[in-house]
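Everything below concerns the one structure shown next.
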Amino acid sequence: MDSRMVELPHLLGLSMSNQDGTTPPVIFVVGTAGAGKSTLVTAFQRWSRFLQIDVLTINLDPGAERVHYDPEFDVRDLVSLSDVMDEYDLGPNGAQILAADLVAAQALDVFDEIDGLSGDILVIDTPGQVELFAFREASSHLVEVLGQGRACLAFLFDPMLSQTPSGFVSQMLLSSIVHFRLGLPTANFLSKADLLDPEVLSRILEWGDNLDVLEAALYEESAAESMDHTKGTARAEFAIGQLRMMQHAAIQPGLIPLSSEEEEGLADMLTFAQTVFGGMADIRDGFAGDIEHERH
Ligand SMILES: Nc1nc2c(ncn2[C@@H]2O[C@H](COP(=O)(O)OP(=O)(O)OP(=O)(O)O)[C@@H](O)[C@H]2O)c(=O)[nH]1
Ligand SMILES: [Mg+2]
Numbered sequence: 113m114d115s116r117m118v119e120l121p122h123l124l125g126l127s128m129s130n131q132d133g134t135t136p137p138v139i140f141v142v143g144t145a146g147a148g149k150s151t152l153v154t155a156f157q158r159w160s161r162f163l164q165i166d167v168l169t170i171n172l173d174p175g176a177e178r179v180h181y182d183p184e185f186d187v188r189d190l191v192s193l194s195d196v197m198d199e200y201d202l203g204p205n206g207a208q209i210l211a212a213d214l215v216a217a218q219a220l221d222v223f224d225e226i227d228g229l230s231g232d233i234l235v236i237d238t239p240g241q242v243e244l245f246a247f248r249e250a251s252s253h254l255v256e257v258l259g260q261g262r263a264c265l266a267f268l269f270d271p272m273l274s275q276t277p278s279g280f281v282s283q284m285l286l287s288s289i290v291h292f293r294l295g296l297p298t299a300n301f302l303s304k305a306d307l308l309d310p311e312v313l314s315r316i317l318e319w320g321d322n323l324d325v326l327e328a329a330l331y332e333e334s335a336a337e338s339m340d341h342t343k344g345t346a347r348a349e350f351a352i353g354q355l356r357m358m359q360h361a362a363i364q365p366g367l368i369p370l371s372s373e374e375e376e377g378l379a380d381m382l383t384f385a386q387t388v389f390g391g392m393a394d395i396r397d398g399f400a401g402d403i404e405h406e407r408h
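Counted from 1, the sequence shown has number 306 at position 194 by my numbering; the numbering is strictly sequential.
Dropping the structure here:
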């Protein structure tokens with residue numbers, strides 16, 4: 113679908129509003145399958161409600177088995193993955209792609225469901241396959257319609273994949289590709305941080321902060337993995353070349369630890385959206401102390 117043909121909701125006079133009449137920021141939660149996206153939406157909604165922040169949520173994953181948060185709109189009401197598989201005789205992957213396109217074709221109907229609602233922030237859960245969300249033209253359309261020009265991305269790094277330097281770099285690359293595809297401000301979070309030993313956690317965070325340390329770790333990993341040292345070095349050099357390019361483009365992961373289990377990093381996610389788009393002044397003033405307390 114050509115996004116230039118899309119009639120944007122604000123042009124149609126539709127809009128969601130905040131308590132102060134402005135459009136609330138929208139956070140799309142993205143990451144590889146099982147990275148903890150849906151659990152984060154649940155934890156964020158629970159945590160925010162406790163702080164009396166009015167969080168609206170949407171489920172955009174037609175393949176979700178269970179949803180534990182309380183969505184304003186659930187895409188499964190519009191498209192069921194098993195119906196798509198039956199009707200079009202597709203396997204689960206083909207059905208995901210078609211389902212995403214079917215949903216995007218009805219983006220304005222999705223928007224109708226949330227139009228007129230008021231809330232402080234909208235958090236959107238996305239399908240497991242991040243490449244499906246990032247690479248389909250359909251997703252750009254949804255982001256445009258639902259994001260209303262106030263959207264950002266929370267990209268979740270999988271904690272298990274992040275433990276090796278090459279796994280970590282792969283996720284940095286994936287995050288920057290998603291950022292590049294959707295063109296939205298992106299913050300990177302290290303998901304399920306509670307599962308990592310403190311030393312492992314601080315090593316990963318250091319990789320996120322200091323490319324030189326990551327570079328040394330990559331060389332070490334390549335040398336240890338490969339009997340053929342030239343091959344190992346070539347792989348490390350490829351990764352480092354990519355890193356330098358990202359550094360040059362000022363794309364730094366600046367990884368933020370996050371745990372839905374322990375409600376860690378949720379304030380950082382809120383702060384990120386506020387920093388990018390402003391707004392929520394009353395809430396920030398009223399609850400800054402609590403949020404600050406939560407962060408330490
Ligand atoms: N310990 C711990 N486990 C978590 C955390 N967040 C998620 N999990 C677990 O990780 C698994 C996957 O979480 P989901 O929230 O379903 O991940 P998802 O990214 O939505 O997965 P898909 O939608 O299937 O791609 C579940 O078993 C969660 O209980 C966390 O912060 N800490
Ligand atoms: Mg999910």
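Every residue gets a Cβ at the ideal spot worked out from N, C-alpha and C, and that includes glycine.
Model, not experiment: these values are computed from the prediction.
| query | Where F247 and L210 are concerned, what is the direct C-alpha to C-alpha distance, given to the nearest angstrom? | reply | Spanning the two alpha carbons is a distance of roughly 13 Å.
| message | Pop quiz: I139 and I233 are said to be a contact at Cβ under 8 Å. What is the actual Cβ separation, rounded to whole angstroms? | response | So it is a contact: roughly 7 Å between Cβ atoms.
| request: State the Cα-Cα distance for the pair R188 and D173, rounded to the nearest angstrom. | output: 7 Å
| said: Is D186 close to ligand 1? I mean its beta-carbon at under 7 Å from any heavy atom of the ligand. | reply: no
| Beta-carbon separation (whole angstroms), V142 vs F267, contact threshold 8 Å | 5 Å
| Selection from H253, E184 and A250 that minimises the alpha carbon distance to I226 | E184
| said: Output needed for E374: all residues of its chain with C-beta closer than 6 Å, excluding positions within five of it in sequence on either side, in chain order. | reply: D306
| query | Measuring CA to CA, which of L285, N300 and Q275 is closest to E311? | reply | Q275
| task | Using only alpha-carbon positions, find the residue among L308, A385, M284 and L382 that is nearest to L355. | result | Of the candidates L308, A385, M284 and L382, the one whose C-alpha sits nearest the C-alpha of L355 is M284.
| In the DSSP assignment, what residue or residues form a beta bridge with A299? | Its beta-bridge partners are A266.
| query | Buried or exposed: where does F301 fall if 16 or more other Cβ atoms within 10 Å of its Cβ makes it buried? | reply | Only buried fits F301, as 16 or more other CB atoms lie within 10 angstroms of its CB.
| message | So for P369, helix, strand or coil by DSSP? | response | strand
| request: Return the residue from the list G295, R347 and F162 that minimises the CA-CA distance to P277. | output: Taking only the C-alpha atoms, the option nearest P277 is R347.
| request: Measure from the alpha carbon of L244 to the alpha carbon of each residue in N205, G279 and Q218, then state which is nearest. | output: N205
| query | Taking 7 Å as the cut-off, is the CB of K304 close to at least one heavy atom of ligand 2? | reply | no
| request: Given a cut-off of 8 Å, decide if M381 and S288 are closer than it, judged by their beta-carbon atoms. | output: no
| field | Close beta carbons around L193, own chain, < 8 Å, minus the five adjacent residues each side | value | P174, G175, P204, A207, Q208 and A211
| field | Within the stretch 192-228, ranges of the alpha helix (DSSP H) (whole runs, at least 4 residues) | value | Counting only runs of at least 4 residues, the stretch 192-228 fully encloses the following alpha helix (DSSP H) elements, listed from N- to C-terminal order: 193-200, 204-217 and 219-226.
| Neighbourhood of K304 by C-beta distance below 6 Å, restricted to the same chain and skipping five residues each side | G148 and P271
| Which residues does DSSP pair with T151 in a beta bridge? | Per DSSP, T151 has no beta-bridge partner at all.
| field | Euclidean distance between Cα positions of S372 and R158 | value | Rounded to whole angstroms, the separation of the alpha carbons of R158 and S372 is 10 Å.
| message | Comparing C-alpha positions only, which one of D166, L214 and L326 sits nearest to V281? | response | L326
| said: Taking the straight line between their C-alpha atoms, what separation do you get for P369 and E249? | reply: Taking the straight line from one Cα to the other gives about 31 Å.
| said: Let's test the definition: count the other Cβ atoms within 10 Å of the Cβ of A217 and tell me whether it reaches 16, buried, or not, exposed. | reply: exposed
| query | Between which two residues does the beta strand (DSSP E) carrying I165 extend? | reply | In the DSSP annotation of this structure, I165 is not part of any beta strand (DSSP E), being labelled neither H nor E.
| message | At the level of alpha carbons, what is the spacing between H253 and T383? | response | 26 Å
| query | Which stretch, first to last residue, makes up the alpha helix (DSSP H) that contains G143? | reply | Counting along the chain, G143 falls outside any alpha helix (DSSP H), though it belongs to the beta strand (DSSP E) covering V138 to G143.
| query | Just to confirm, are L378 and A155 a CB contact at a threshold of 8 Å? | reply | Yes; because the gap between Cβ atoms is below 8 Å, this pair is in contact.
| query | Expressed to the nearest angstrom, what Euclidean distance is found between the alpha-carbon atoms of G231 and L265? | reply | 18 Å
| task | With a threshold of 7 Å, establish whether the CB of A176 neighbours any heavy atom of ligand 2. | result | Indeed, a heavy atom of ligand 2 lies less than 7 Å from the Cβ.
| Cα-Cα, which of D182, T135, L273 and D198 is closest to L168? | D182
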